[in-house]
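Student:
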Amino acid sequence: NYYEFNENEALAFQRLLDKKDKITKEEFSKEYEKITDKEYKDIADIDDIKVKKELDYIKEIINAVGISNIEFDQDIVRGFDYYTGLVFEVYDTNPENNRALFGGGRYENLIDLFETVKDNVNISGIGFGIGDVPMMNFLESRNLLPEFVNSTDILLGIISDDQKVVNYANEIATELRAEGKNVSINYDNKKVGDCMKMAEKNNIKNVVVIGEKEFEEKKYEVKEV
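Quick note: the sequence shown uses this note's numbering, first residue 331, plus one each step.
1. Closest to residue 407 by C-alpha separation, out of 340, 508, 345 and 499, would be which residue?
2. Tell me the residue span of the beta strand (DSSP E) that contains residue 513.
3. Have a look at 442, 394 and 464 and flag the residue whose alpha-carbon is nearest the alpha-carbon of residue 427.
4. Are the beta-carbon atoms of residue 506 and residue 484 separated by less than 9 Å?
5. Do residue 461 and residue 432 count as a contact pair if the criterion is CB distance below 9 Å?
6. What residue range is occupied by the uninterrupted alpha helix (DSSP H) comprising residue 547?
7. Do the stretch 493-504 and the stretch 463-481 meet, that is, are 3 or more Cβ pairs less than 8 Å apart?
8. Could you check if residue 540 is buried or exposed, using at least 16 other CB atoms within 10 Å of its CB as the buried criterion?
9. List the endpoints of the continuous alpha helix (DSSP H) containing residue 341.
10. Taking 8 Å as the limit between beta carbons, can you name the residues of its chain near residue 550, skipping five residues before and five after?
11. What whole-angstrom Cβ distance do residue 452 and residue 438 have, given they're in contact under 8 Å?
12. Relative to the C-alpha of residue 339, which candidate in 495, 353, 363 and 474 has its C-alpha closest?
13. At what residues does the alpha helix (DSSP H) containing residue 391 begin and finish?
14. Suppose only complete runs of 3+ residues qualify. What are the beta strand (DSSP E) ranges in the stretch 406-448, listed by chain order?
15. For residue 461, which of helix, strand or coil comes out of DSSP?
If you want it as structure tokens, here you go:
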């Protein structure tokens with residue numbers, strides 16, 4: 331804690347840093363003065379403090395294993411209060427997708443929040459989360475996205491709102507799955523033609539439609555698209 335903030339000041343300062351790039355310097359200074367009367371200093375310009383030395387040590391270790399494209403940014407703030415140490419973000423270097431792919435950090439007390447953990451057991455760790463849209467863009471920009479192949483064998487369309495019909499359709503789906511079929515169920519009460527179009531659009535080769543008639547007769551037909 332280089333700035334020697336108390337817990338509330340530290341939390342307020344982190345939230346201010348998180349929006350630093352979205353406000354003017356004057357606005358930042360005014361907000362900072364509301365938090366503390368301590369002078370604001372850029373940690374990156376100071377060489378003799380403990381945190382900076384620790385970061386330099388981390389850089390040295392990372393460089394030793396052949397990773398050189400790292401950059402220290404004192405203004406990165408993750409959106410969760412449980413981080414207790416270093417936080418990080420990993421960016422795509424492609425200018426067409428210059429955004430964070432995932433980010434995370436160090437937490438000392440997170441595991442202890444769960445009721446299943448015994449008292450006085452404090453397990454620290456490092457975690458990260460991946461952004462689905464940035465990762466999709468990353469794969470697309472590098473032509474790494476595999477062609478989608480639908481593994482669904484049968485689309486089962488329910489064309490009734492009657493719960494008895496829905497229950498029967500679920501039974502049929504269970505039977506088909508027991509036979510090794512991959513079954514996708516549509517509960518939207520679409521018409522038969524719409525079910526066929528949906529299957530065709532998603533490259534599903536077979537359709538089973540369950541309605542009042544199928545429920546009463548206790549039989550159904552597998553239609554090929």
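For each residue, glycine too, the CB sits at the ideal point set by N, CA and C.
All of these numbers come straight from a predicted model, not from anything done at the bench.
Tutor: Quick look at the numbers:
1. Taking only the C-alpha atoms, the option nearest residue 407 is 345.
2. Unbroken beta strand (DSSP E) run through residue 513: 513-516.
3. Residue 464 is the option with its Cα nearest to residue 427.
4. Contact: yes.
5. Pairing residue 432 with residue 461 gives a Cβ-Cβ distance under 9 Å.
6. Residue 547 -> alpha helix (DSSP H) spans 542-547.
7. Taking a cut-off of 8 Å on C-beta distances, the stretch 493-504 does not touch the stretch 463-481, as fewer than three cross pairs fall below it.
8. Buried, by the Cβ-count rule.
9. In the DSSP assignment, residue 341 falls within the alpha helix (DSSP H) that extends over 337-348.
10. Contacts found: 502, 538, 539, 540 and 544.
11. Contact check for residue 452 and residue 438: beta-carbon distance about 7 Å, within the 8 Å limit, so the pair qualifies.
12. 363 is the residue among 495, 353, 363 and 474 whose C-alpha sits nearest the C-alpha of residue 339.
13. For residue 391, the enclosing alpha helix (DSSP H) has its first and last residue at 380-394.
14. Runs of the beta strand (DSSP E) lying entirely within the stretch 406-448, each at least 3 residues long, are 417-421 and 430-437 in chain order.
15. Three-state DSSP puts residue 461 in coil, outside helix and strand.
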